[in-house]
Amino acid sequence: MWAKYRGGVMMQLDPSGKILRQYSDPYAHHDQNHLDDGTLLYTTLEPLTADEAARVRGGIPGSEAPGGIIYGDCIKLVDPWSVSNNSSSADFDGSNGKGGAKLLCVSFDSEGNIIASTRNASGVFIISRQTGEVLWHLTAPVVCQQHCAHQINSAGDILILDNGVFRPEISVPFSRAIIVSRDKQIKWEYKDTTTGGLGFFTPFMGSAQKLENGNVLICEAATGRIMEVTEDGKVVWEFIVPQLQDYKAVMSKDELAEMERIGFSNQSNAIFRAYKYRPEEVPWVKED
Numbered sequence: 339m340w341a342k343y344r345g346g347v348m349m350q351l352d353p354s355g356k357i358l359r360q361y362s363d364p365y366a367h368h369d370q371n372h373l374d375d376g377t378l379l380y381t382t383l384e385p386l387t388a389d390e391a392a393r394v395r396g397g398i399p400g401s402e403a404p405g406g407i408i409y410g411d412c413i414k415l416v417d418p419w420s421v422s423n424n425s426s427s428a429d430f431d432g433s434n435g436k437g438g439a440k441l442l443c444v445s446f447d448s449e450g451n452i453i454a455s456t457r458n459a460s461g462v463f464i465i466s467r468q469t470g471e472v473l474w475h476l477t478a479p480v481v482c483q484q485h486c487a488h489q490i491n492s493a494g495d496i497l498i499l500d501n502g503v504f505r506p507e508i509s510v511p512f513s514r515a516i517i518v519s520r521d522k523q524i525k526w527e528y529k530d531t532t533t534g535g536l537g538f539f540t541p542f543m544g545s546a547q548k549l550e551n552g553n554v555l556i557c558e559a560a561t562g563r564i565m566e567v568t569e570d571g572k573v574v575w576e577f578i579v580p581q582l583q584d585y586k587a588v589m590s591k592d593e594l595a596e597m598e599r600i601g602f603s604n605q606s607n608a609i610f611r612a613y614k615y616r617p618e619e620v621p622w623v624k625e626d
């Protein structure tokens with residue numbers, strides 16, 4: 339599975355494809371933010387010590403990383419903030435031998451603190467960039483295996499793609515996009531209301547972007563679907579990725595065999611995230 343999520347090289351390119359900046363980390367995964375001053379904020383892994391690994395509950399025998407090492411998620415800026423050092427490992431299950439929390443998203447809020455989203459722990463954190471202290475924590479049942487948590491306005495509201503996996507006391511899973519205030523109240527929500535929620539569900543990945551016109555662009559990642567919805571929940575634009583592809587080009591034979599064993603080797607049109615840009619933001623893109 340790691341072959342599907344790993345990164346390695348993070349770079350900035352100009353419109354002609356020239357590399358402006360490049361940084362390598364073989365354990366980088368999922369998210370990166372390039373700041374205007376050249377600073378890079380991203381998610382990566384670090385090996386846990388034997389004592390730290392012993393505190394991680396659960397796990398599937400035989401699913402360990404090579405060498406039996408358990409990895410913990412880590413945010414790297416200039417000084418890394420480590421999930422394993424600043425959270426109770428007993429709060430996270432170790433079902434993937436590379437670490438339990440599965441940190442998928444990092445960004446800055448308006449005060450310069452770090453917003454981090456951990457899928458497996460169903461938690462969104464705001465972490466002091468100066469001290470590493472957890473300043474704010476949102477968890478289930480408000481969010482369940484969520485993605486793409488980020489601040490959207492000066493009030494500090496956070497837009498989240500709430501995937502809805504393992505939602506408490508819910509028999510039929512559904513996804514939603516929500517805006518949550520700093521007092522942890524849901525101020526806005528979009529979910530499918532025509533099919534009991536089944537019309538919008540992505541068990542993994544996904545994103546939501548607040549647009550200048552007040553609408554929200556949503557990526558239903560697992561189905562390759564992108565849609566723009568109004569504040570009152572009307573879908574005004576929709577696109578489904580028509581191409582199907584697999585991950586064979588990035589996997590070793592052993593990794594492919596494992597993916598086939600667990601039934602996860604089929605072709606897919608899944609996309610990680612989607613963003614909408616104004617024409618003036620990408621002037622080099624020309625319509626055919």
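Take the position in the sequence shown, starting the count at 1, then add 338; the result is the number in this note's numbering.
Backbone N, C-alpha and C define an ideal beta-carbon position, used for all residues, glycine too.
Every value quoted in this text rests on a predicted model; they were computed, and no experiment measured them.
Close Cβ partners of Ile578 (< 6 Å) along its chain, the five nearest in sequence each way excluded: Cβ within range, chain order: Gly562 and Arg563.
DSSP beta-bridge partners of Pro385: Its beta-bridge partners are Tyr409.
Boundaries (first-last residue) of the alpha helix (DSSP H) holding Glu527: Run containing Glu527: none in the alpha helix (DSSP H); it sits in the beta strand (DSSP E), Ile524 to Tyr528.
Member of Leu441, Arg467, Thr469 and Phe446 whose CA lies at the smallest distance from the CA of Gly461: Ranking Leu441, Arg467, Thr469 and Phe446 by Cα distance to Gly461 puts Leu441 first.
Residue burial classification, Asn553 (beta-carbon count within 10 angstroms, cutoff 16): When all chains shown are included, Asn553 counts as buried.
Exposed unless 16 or more other CB atoms sit within 10 angstroms - verdict on Gln489: Buried.
Through-space distance from Asp521 to Asn604, alpha-carbon basis: 42 Å
Inter-residue spacing [alpha-carbon to alpha-carbon] between Ala428 and Gly355: Note that Ala428 scores a pLDDT of 40, beneath 50, so its modelled location is shaky; the value from the coordinates is reported in the next line. Rounded to the nearest angstrom, the two C-alpha atoms are 45 Å apart.
Span of the beta strand (DSSP E), counted from its first residue to its last, around Lys548: Ser545 to Lys548
In DSSP terms, what Tyr613 is bridged to: Paired residues: none, contrary to the question.
For Ala454, the residue or residues it bridges with in DSSP: Its beta-bridge partners are Val444 and Phe463.
At least three beta-carbon pairs within less than 8 Å, the segment 506-521 to the segment 474-481: yes
Segment contact flag, the segment 478-496 with the segment 530-545, C-beta cutoff 8 Å, min 3 pairs: Touching, yes.
Beta-carbon proximity check, Asn607 vs Leu582, cutoff 8 Å: Closer than 8 Å, so yes.
Alpha carbon of Tyr615 to alpha carbon of Val567, nearest angstrom: Cα-Cα distance, rounded: 16 Å.
Sub-8 Å separation of Thr382 and Ala366 beta-carbons: yes
Sequence-distant residues of the same chain with beta carbon closer than 6 Å to Ser422, five excluded per side: Its pLDDT being 44, under 50, Ser422 is placed unreliably by the model, and the measurement read from it follows with that caveat. Cβ within range, chain order: Leu386, Glu390 and Gly410.
Where Val444 falls, given that 16 or more other Cβ within 10 Å makes a residue buried: buried
Three-state secondary structure (DSSP) of Trp419: Unreliable placement is indicated for Trp419, whose pLDDT of 38 sits below 50; no coordinate value is reported for it.
Counted within 10 angstroms of its Cβ, other Cβ atoms place Gly400 as buried (16 or more) or exposed: By the Cβ neighbour-count rule, Gly400 is exposed, with fewer than 16 other Cβ atoms within 10 Å of its own.
Residues sharing a beta bridge with Gln370, DSSP: Tyr380
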